[in-house]
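Those protein sequences? They're chains A and B, same order as listed. Per this note's numbering, residue 20 is the first one in the first sequence, and the count goes up by one each step. Per this note's numbering, residue 20 is the first one in the second sequence, and the count goes up by one each step. Heads up, the beta-carbon is just placed ideally off N, CA and C, and yes, glycines get one too. Here is the structure we will look at, set down as structure tokens.
Protein chains: 2
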Amino acid sequence: MDDRPIGVFDSGIGGLTVLKEITEQLPGEDIVYFGDTARIPYGTRSKETVIKYVLQSFRFLMTKDIKAIVIACNTASALAMEEAQKEFDIPIIGVIEPGAKAAVSMTRNSKIGVIGTEGTINSQSYQRKIRKMLPSGEIIGVACPLFVPIVEEGWENSDVAYMTAKKYLLELKEHNIDSLVLGCTHYPVLRYTIDKVLEGKVTLVNPAYETAKAVKALLKENNLLSSKLDGGVQRFYVSDDPEKFKRIGGNILRTEIVSIEKVDIEKM
Amino acid sequence: MDDRPIGVFDSGIGGLTVLKEITEQLPGEDIVYFGDTARIPYGTRSKETVIKYVLQSFRFLMTKDIKAIVIACNTASALAMEEAQKEFDIPIIGVIEPGAKAAVSMTRNSKIGVIGTEGTINSQSYQRKIRKMLPSGEIIGVACPLFVPIVEEGWENSDVAYMTAKKYLLELKEHNIDSLVLGCTHYPVLRYTIDKVLEGKVTLVNPAYETAKAVKALLKENNLLSSKLDGGVQRFYVSDDPEKFKRIGGNILRTEIVSIEKVDIEKM
């Protein structure tokens, strides 16, 4: 048993979808969440810059006596996982591997789509992981940079969202995919619109859910589960003004965010 | 006469529209451009963070022996102009005042619209400046966070752009505005779509053009014009990978970007 908290890292607020899944599957675990809100979005930045930001964020989380780190951000998982594992001696779980595994187990025709930010798609991380498990598979990645601002605008079920999804998903439809990885923490919010465009014919894979399952398995395996079965406490840290995070984050979690502090992340 | 370069600052690449106007109106001036590409977009960040980023950027520009600074970024002009003028003993020009002045001189019915990022609109900077010059005016500001990613996607004349503009501009149409400030460096790229939605009835004000005119007047007044009449040299600095900037920037400027270097801006 290990009652130290789990560290959850994201480039901003989207990682709360992963935190939510973890607290549902592991209600006794304490969590320290860091969202690098002063430097979002990671999705359009170079690999070098993302690695630097992730290492700084991890250095901060390590000051909180955590027992494991979950990288909730797809871009950070895609670009900085290896470097982070080299530098920190602690179990680290990203969202890519659990998401890729689920897609492989769900596909019937071996045609899998992946959508995400420019950084995630160009890194080929999902595509490579899936291909390794399913060498005969056809994997098509599409970057959808407008999806995050559409979700942040609250327009997820609007005509703009529908037209945008139609443009982005056309190629995937033409390839006749039967499962689609929602490779960005914001995208599950758009699932109804995406499902409508794909005419209900495609299984949508939510890496947040799969990652929480993987976290549970990892903690069990390493005898790191909390002794509490319920009542886990969450503390939040962000690198920009906490007010906006509190407001939008409260909506995602459907509970009020109480403990939140600003961190000067560039000093880490 | 003063042959030192002009410093042009932007949060990213959009400021090149201002640089372009300056080189057209002042072809003999050397320019040092800094784009804080590792930390774009400024438009959704808190005032405190924007001020910090702007002061760091100015500290860097000051190492280049410049004679004046142009803040091409609307958000930075709106939130950090005052602080910057307090800290640096050099003429500083933002885009807000020239844009506001032009709108006031162009309106006939005193109903003026302003569009920009969340940061620019919420700061009320344009609205306050215009109201000061035109106390009886009706000024309506609307934040349009999807416009920048649409431009960066190259979708400025698509149906998505049209539907988005229709949503954002509805309120302005209902108020019967006759002039509209395009209060973000990216927005002039959308002018055809915006004009279509507004049915050609509204004069669009481009602060980039107005700012270049103001720079020329300021240099003349202070006897700071370059002795060269032509052949000004441009050097570019960015805080993230220069390749993307080079590619998209070359398109905006319609010439190749030759001299470009990466700067570690967090150290400034």
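- Collapsing the DSSP output to three states places aspartate 29(B) in a strand.
- In the DSSP assignment, isoleucine 88(B) is bridged to Gly26(B), Ile111(B).
- In the DSSP secondary-structure assignment, glycine 135(B) is bridged to Ala162(B).
- When secondary structure is reduced to three states using DSSP, glycine 54(B) falls in the strand class.
- Excluding the 5 residues flanking it on each side, arginine 58(B) has same chain C-beta neighbours closer than 8 Å at Ser30, Tyr72, Ser258, Ile284, in chain order.
- Per the DSSP secondary-structure output, glutamine 75(A) pairs with nothing in a beta bridge.
- A buried status is given to glycine 26(B), since no fewer than 16 other beta-carbon atoms sit within 10 Å of its beta-carbon.
- Here the alpha carbons of isoleucine 276(A) and proline 226(A) stand approximately 24 Å from one another.
- Residues Lys235 of the same chain have their beta carbon placed closer than 6 Å to that of leucine 45(B), with the five preceding and five following residues left out of the count.
- When the five nearest sequence neighbours on each side are left out, the beta carbons in the same chain lying within less than 8 Å of the beta carbon of isoleucine 109(B) are those of Met81, Ile85, Lys86, Ala87, Ile88, in order along the chain.
- The C-beta of alanine 57(B) comes closer than 7 Å to at least one C-beta of chain A.
- Note on tyrosine 145(A): 16 or more other CB atoms within 10 angstroms of its CB, so buried under the neighbour-count rule.
- Chain A places a beta carbon closer than 7 Å to that of valine 179(B), counting this residue as a contact.
- Of all residues in the stretch 256-287 of chain A, only Asp259, Asp260, Glu285 place a beta-carbon less than 7 Å from a beta-carbon of chain B.
- Taking 7 Å as the threshold, the shortest C-beta distance from arginine 64(A) to chain B falls below it.
- Not one beta carbon of chain B lies nearer than 7 Å to the beta carbon of glutamate 137(A).
- In the three-state scheme derived from DSSP, where H, G and I count as helix and E and B as strand, valine 179(B) is classed as helix.
- The criterion of a C-beta distance shorter than 7 Å is satisfied by threonine 36(A) and threonine 204(A).
- Within 10 angstroms of the beta-carbon of glutamate 40(A) lie 16 or more other beta-carbons, which makes it buried.
- Secondary structure at valine 234(B): helix, using DSSP grouped into helix, strand and coil.
- Between the alpha carbons of alanine 103(B) and glutamate 67(B) lies a distance of about 13 Å.
- Threonine 212(A) is outside the set of residues whose beta carbon lies under 7 Å from a beta carbon in chain B.
- Nearest C-alpha to proline 117(A) among Ser129(A), Leu209(A), Cys92(A): Cys92(A).
- Going by DSSP, glutamine 146(A) is part of the alpha helix (DSSP H) stretching over 144-152.
- Taking the C-beta atoms as reference points, lysine 281(B) is found no nearer than 7 Å to aspartate 197(B).
- The beta-bridge partner set that DSSP reports for isoleucine 271(A) is empty.
- Of the residues assessed, methionine 20(B) falls on the exposed side of the cut-off, its CB having fewer than 16 other CB atoms within 10 angstroms.
- Taking a cut-off of 8 Å for Cβ pairs, the stretch 177-186 of chain B and the stretch 178-187 of chain A touch, as three or more such pairs fall below it.
- Non-local C-beta neighbours of tyrosine 181(A) in its own chain, meaning closer than 6 Å and more than five positions away in sequence, comprise Thr212, ordered along the chain.
- Interface residue (Cβ-Cβ distance to chain A less than 7 Å): leucine 209(B) is not classified as such.
- With distances taken between CA atoms, aspartate 260(A) lies nearest to Gly54(A) out of Gly54(A), Phe28(A), Gly34(A), Ala162(A).
- Around isoleucine 169(B), the beta-carbon contacts reaching into chain A at under 8 Å are Leu165.
- Around lysine 186(A), the beta-carbon contacts reaching into chain B at under 7 Å are Val179.
- A check of alpha carbon separations from proline 207(A) across Lys232(A), His194(A), Val167(A) identifies Val167(A) as the nearest.
- Ranking Gly34(A), Ile32(A), Glu43(A) by CA distance to the CA of leucine 248(A) puts Glu43(A) first.
- Excluding the 5 residues flanking it on each side, valine 114(A) has same chain C-beta neighbours closer than 6 Å at Asn93, Ser96, Pro226, Thr230, in chain order.
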